[in-house]
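The numbering of the sequence shown is my numbering, which starts it at 34 and goes up by one.
These notes are about the structure you will find just below.
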Amino acid sequence: VLSRRGRLSEAVATLQKAVAMDPTSAFVQGNLGARLLQLGDAAGAEKAWRESLRLRPESATMHLNLANLLSGQGNFAEAQYHFKAAIRIDGAFADARSAYARALAARGDLGEARGQYEAALRLNPGLAATHNELGNVLLRMGDQTGAIREYREDLALNPDSATAHFHLGLIQAAEG
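What follows is the structure, given as structure tokens:
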């Protein structure tokens, strides 16, 4: 409630008290990590999420949270472990596949990124941003037709997608 009201510092203090009262609650540790990250405390978030995973290693969401954080910090090797763990634990976790694909694409591993994006979209075809990101990967791979298809899917789901409009406009300008 405190975090929804924008009172993040109070939310963190309350969660820290809850952790002191019950240090074995993976749920509280996970929430503490999320609030710390919102406050810009990546190190604190990482510590809380690692503790949450120590307490509950079967949490696909915590693996994904930690993977996203580590990937953003440039620690791809460890991030990849946690992306794969999240996917292994919950094979239907489309957001985990999409996030893993985003990290792979950022590293230039376009073939593997494409596969993960496609798997995510098979699980949840309603992920507009994932269609857009797959379009970007396909365009980088030279598959203009596939990219156009994905940008159009993004626009069908999210008509205000500025990036899909932008990319389609570039492709049309290059063709015209």
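Glycine included, C-beta positions come from ideal geometry on N, C-alpha and C.
Looking at the structure shown, is Gly286 part of a helix, part of a strand, or coil, going by DSSP?
Since the first and last residues shown for the chain are 34 and 209, residue 286 lies out of range.
Verify whether the separation of the beta carbon atoms of Glu183 and Gly159 is less than 8 Å.
no
Could you give the DSSP three-state label for Thr214: helix, strand or coil?
Nothing can be reported for residue 214, as the shown portion of the chain is limited to 34 through 209.
Which of the three DSSP states is assigned to Gln149 in this structure?
helix
Suppose contacts are defined by Cβ-Cβ distances below 8 Å. Is Ala180 in contact with Leu171 by that definition?
Yes; because the gap between Cβ atoms is below 8 Å, this pair is in contact.
Kindly provide the ranges of any alpha helix (DSSP H) runs that are 4 or more residues long and lie completely inside the region 118–144, ordered along the chain.
127–139
Using only the alpha-carbon positions, how far apart do Leu86 and Ala118 sit?
11 Å
Please classify Ser216 as buried or exposed, where buried requires at least 16 other C-beta atoms within 10 Å of its C-beta.
Any property of residue 216 remains undetermined from this structure, which presents the chain solely from 34 to 209.
Rounded separation between Leu48 and Gly73 - CA only
If you take the alpha carbons of Leu48 and Gly73, they lie about 16 Å apart.
Considering just the uninterrupted stretch of the alpha helix (DSSP H) at Arg182, what are its terminal residues?
Element bounds for Arg182: Gln177 to Leu190.
When the Cα of Leu190 is compared with those of Ala125, Arg37, Leu154 and Ala59, which residue comes out closest?
For Leu190, the nearest C-alpha among the options comes from Leu154.
Cutting at 8 Å between CB atoms, please list the residues of its own chain near Glu166, excluding the five before and the five after it.
Ser131, Ala134, Arg135, Ala138 and Tyr150
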